[in-house]
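Following my numbering, the numbering of the sequence shown begins with 12 at its first residue and continues without gaps.
C-beta: ideal position from N, C-alpha, C; glycine also.
Only a predicted model underlies this, so the values are computations on that prediction, with no experimental measurement involved.
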Amino acid sequence: MKHLGLIRVAAAMPRVHVADPAANAREILRLCEQTDRQQASVVVFPELSVTGYTCADLFGQNRLLADAEAAVAEIAAASAKLAPMIVVGAPVRHAGRLFNCAVAIRGGKILGIVPKTYLAGSSEFYEPRWFASARVLSPAGARIRYAGQDELLLGTRQLFRIGDATAAIELCQDLWVPVPPCSLAALAGAQLILNLSASNDYLFKHEYRKSLVSATSSRLYAAYVYASCAEGESTQDLVWAGSSLIYENGSLLAEGERFARGSRYIMADVDIQRMETLRAKEHSFSLEGPIPAYAIQYLMKETGDAAPTDFEAKLLRYVEPHPFVPQGDPEALGMRCREILAAQVAGLTTRLEHIRCKKAVIGVSGGLDSTLALLVTALAFDT
Numbered sequence: 012m013k014h015l016g017l018i019r020v021a022a023a024m025p026r027v028h029v030a031d032p033a034a035n036a037r038e039i040l041r042l043c044e045q046t047d048r049q050q051a052s053v054v055v056f057p058e059l060s061v062t063g064y065t066c067a068d069l070f071g072q073n074r075l076l077a078d079a080e081a082a083v084a085e086i087a088a089a090s091a092k093l094a095p096m097i098v099v100g101a102p103v104r105h106a107g108r109l110f111n112c113a114v115a116i117r118g119g120k121i122l123g124i125v126p127k128t129y130l131a132g133s134s135e136f137y138e139p140r141w142f143a144s145a146r147v148l149s150p151a152g153a154r155i156r157y158a159g160q161d162e163l164l165l166g167t168r169q170l171f172r173i174g175d176a177t178a179a180i181e182l183c184q185d186l187w188v189p190v191p192p193c194s195l196a197a198l199a200g201a202q203l204i205l206n207l208s209a210s211n212d213y214l215f216k217h218e219y220r221k222s223l224v225s226a227t228s229s230r231l232y233a234a235y236v237y238a239s240c241a242e243g244e245s246t247q248d249l250v251w252a253g254s255s256l257i258y259e260n261g262s263l264l265a266e267g268e269r270f271a272r273g274s275r276y277i278m279a280d281v282d283i284q285r286m287e288t289l290r291a292k293e294h295s296f297s298l299e300g301p302i303p304a305y306a307i308q309y310l311m312k313e314t315g316d317a318a319p320t321d322f323e324a325k326l327l328r329y330v331e332p333h334p335f336v337p338q339g340d341p342e343a344l345g346m347r348c349r350e351i352l353a354a355q356v357a358g359l360t361t362r363l364e365h366i367r368c369k370k371a372v373i374g375v376s377g378g379l380d381s382t383l384a385l386l387v388t389a390l391a392f393d394t
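Structure (C-alpha cells):
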C-alpha cells in the first residue's frame, strides 16, 4: 500500500485430497510459500479446502472434524513466517451444529471465522444435509474455542484490515442470492471481497459466473477475488474446473486456466485508492435509510501492514495506455468511433435547434480538430 494505493492478491486452487486434512494443509502451505515469494498480501483458497468439498457424509465423522481443526492449527502456526493473510475453508462445529466456514489467518494466529449464510441445497447440491446456516447464530456471532485459540469470533459481520485495504469474506452461494452479504460489507467499508467457492461446471455456467462476479465488483466499486475447488474433488456427480477470477470494478484482472492439472494460483495488483475515489464521487454509495444500524455491527480486525510488495519491479495488472481507443480490434474501434461521433452530433443538433440556428460557419485549417468539427456539423445538419 506504500506504492500507488495497490495491494497484491492471489486466488489459489490446490490439488485436493478428499478427507485428508493433513495432506491438504501441506498443499495449502506450499502455495502460501509461493505466493509469499511473489509478495502477495492476501491469498484465498476454495471452499472447504482443508477437507475437500466432496466429503459428503464424512462431515458427520468426529475424526475428520478433529483432523481438520489440527490442520488449521498447523496452517496458523506456519503463517507466522509468511506475509499474506491466508483464507482457507474448513468445517467448524459449534453448539451442536456444523458450519461451512472461511478461516482467516495471519501472523501465526486465526483472525476470525466466517460461516456461510446461504447454503446450496437445490439441484445437485445437498449442503443443508450436513451444515447449518450462519443465520442460526445471533447477528453478533458467537465466541468459540478452535484450533487451540480462545475467544475466536464465529460470525459473518467481520472485516479484516490489511494495510490500507479492508477485506470481507463470503462463501460460494452467498454471491448468487438477491442481496449477497458482500453488499452490506462494501457499505461498511470493504474494498476487497474474498469468495471461497465450490462451484461445479457445466455448459454455459462459467460465462454466467464471470458476468455475476463482474457485475458485483462493478456495482460495489470493489475488487472481487474468487477461488473455486479443482482437481482432486470427487467427480461421482459433478465436474470441477477450478475457476479462479480477480475482478476490479467490473474489469477482469486475472483468470486461471480451467480444467488444468495440479495446484496453481493467479495473482493481480488491485487499486484500492481508485475504488475509494470512485466511491467518494458516487453520492448514492453511502449508508442511508435502514442500513447504518445493520452495518455498524461489523467488527474490524487489524491484521497489520500489507506485504512489502515492490510494484515498481513488476506490476501484475495491465494498464491501458489508450483507454478510449480499443487496441487490436477493428470492429470495437469502429463502434467506439461511431458512438463518439453520434454523441457529438446529438449534442450539436440539440444546441442548434435550441438557438434556432439555420447555418454554421467553420474555419477549416486542415488539422484534425477542424476536420472533426466540420464532419460533426455536416452530420448535424443532415439529421
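Identify, in the order they occur along the chain, each residue of the same chain with its Cβ nearer than 6 angstroms to the Cβ of residue i, setting aside the five sequence neighbours on each side.
{"i": "residue 164", "result": "123 and 152"}
{"i": "residue 381", "result": "375"}
{"i": "residue 5", "result": "Nothing in the structure corresponds to residue 5, since the chain is present only between 12 and 394."}
{"i": "residue 259", "result": "234 and 281"}
{"i": "residue 252", "result": "212, 269 and 270"}
{"i": "residue 93", "result": "43 and 47"}
{"i": "residue 131", "result": "138 and 184"}
From the DSSP output, read off the bridge partner residues of residue i.
{"i": "residue 239", "result": "208"}
{"i": "residue 310", "result": "169"}
{"i": "residue 276", "result": "23"}
{"i": "residue 99", "result": "114"}
{"i": "residue 282", "result": "17"}
{"i": "residue 105", "result": "108"}
Applying the 10 Å Cβ sphere with the 16-neighbour rule, what's the burial state of residue i?
{"i": "residue 234", "result": "buried"}
{"i": "residue 304", "result": "Since pLDDT at residue 304 reaches only 46, below the 50 mark, its modelled position is unreliable, and the value read off the structure follows with that caveat. Per the 10 Å Cβ criterion, exposed."}
{"i": "residue 198", "result": "buried"}
{"i": "residue 228", "result": "buried"}
{"i": "residue 73", "result": "exposed"}
{"i": "residue 105", "result": "buried"}
{"i": "residue 226", "result": "exposed"}
{"i": "residue 218", "result": "exposed"}
{"i": "residue 181", "result": "buried"}
{"i": "residue 358", "result": "exposed"}
{"i": "residue 240", "result": "buried"}
{"i": "residue 107", "result": "exposed"}
{"i": "residue 183", "result": "buried"}
{"i": "residue 344", "result": "exposed"}
{"i": "residue 307", "result": "With a pLDDT of 49 at residue 307, under the threshold of 50, the predicted position of this residue should be treated as unreliable, though the coordinate-derived value follows. With fewer than 16 other Cβ atoms within 10 Å, it is exposed."}
{"i": "residue 90", "result": "buried"}
{"i": "residue 50", "result": "buried"}
{"i": "residue 139", "result": "exposed"}
{"i": "residue 208", "result": "buried"}
{"i": "residue 342", "result": "exposed"}
{"i": "residue 346", "result": "exposed"}
{"i": "residue 230", "result": "exposed"}
{"i": "residue 125", "result": "buried"}
Whose C-beta lies closer than 7 angstroms to the C-beta of residue i among residues of the same chain, with five residues either side of it excluded?
{"i": "residue 75", "result": "30, 62, 66 and 69"}
{"i": "residue 143", "result": "108, 109 and 110"}
{"i": "residue 6", "result": "For the chain, the structure presents residues 12 to 394; residue 6 sits outside this window and is missing."}
{"i": "residue 371", "result": "388"}
Over what stretch of residues does the alpha helix (DSSP H) that includes residue i continue unbroken?
{"i": "residue 112", "result": "Residue 112 -> not in any alpha helix (DSSP H); beta strand (DSSP E) instead, spanning 108 to 117."}
{"i": "residue 36", "result": "32 to 48"}
{"i": "residue 255", "result": "Note, residue 255: premise wrong, no alpha helix (DSSP H); beta strand (DSSP E) at 255 to 259."}
{"i": "residue 385", "result": "379 to 393"}
{"i": "residue 78", "result": "73 to 89"}
Over what stretch of residues does the beta strand (DSSP E) that includes residue i continue unbroken?
{"i": "residue 266", "result": "262 to 266"}
{"i": "residue 122", "result": "120 to 126"}
{"i": "residue 356", "result": "Looking at the DSSP string, residue 356 is not in any beta strand (DSSP E); the run it does join, the alpha helix (DSSP H), is 341 to 365."}
{"i": "residue 147", "result": "No beta strand (DSSP E) contains residue 147, which DSSP labels as neither H nor E."}
{"i": "residue 55", "result": "53 to 55"}
Checking contacts by CB at 9 angstroms: is residue i closer than that to chain D?
{"i": "residue 153", "result": "Here there is only one protein chain, and chain D is not present."}
Please return the same chain residues whose Cβ sits closer than 8 angstroms to the Cβ of residue i, not counting the five positions on each side in sequence.
{"i": "residue 96", "result": "52, 53, 54, 115, 116, 117, 122, 171, 173, 178 and 314"}
{"i": "residue 250", "result": "211, 212 and 213"}
{"i": "residue 39", "result": "23, 25, 56, 60, 61, 86, 97 and 99"}
{"i": "residue 267", "result": "22, 24, 253, 254, 255, 256, 275, 276 and 277"}
{"i": "residue 185", "result": "127, 128, 129, 191, 192, 193 and 206"}
{"i": "residue 273", "result": "26 and 242"}
{"i": "residue 223", "result": "186 and 187"}
Would you say the beta carbon of residue i is closer than 8 angstroms to some non-hydrogen atom of the ligand NAD?
{"i": "residue 247", "result": "This structure simply doesn't include the ligand NAD, nor any ligand for that matter."}
Residue ranges of each beta strand (DSSP E) within the stretch 149 to 233, 3 or longer:
153 to 157, 160 to 165, 169 to 173, 176 to 182 and 203 to 208
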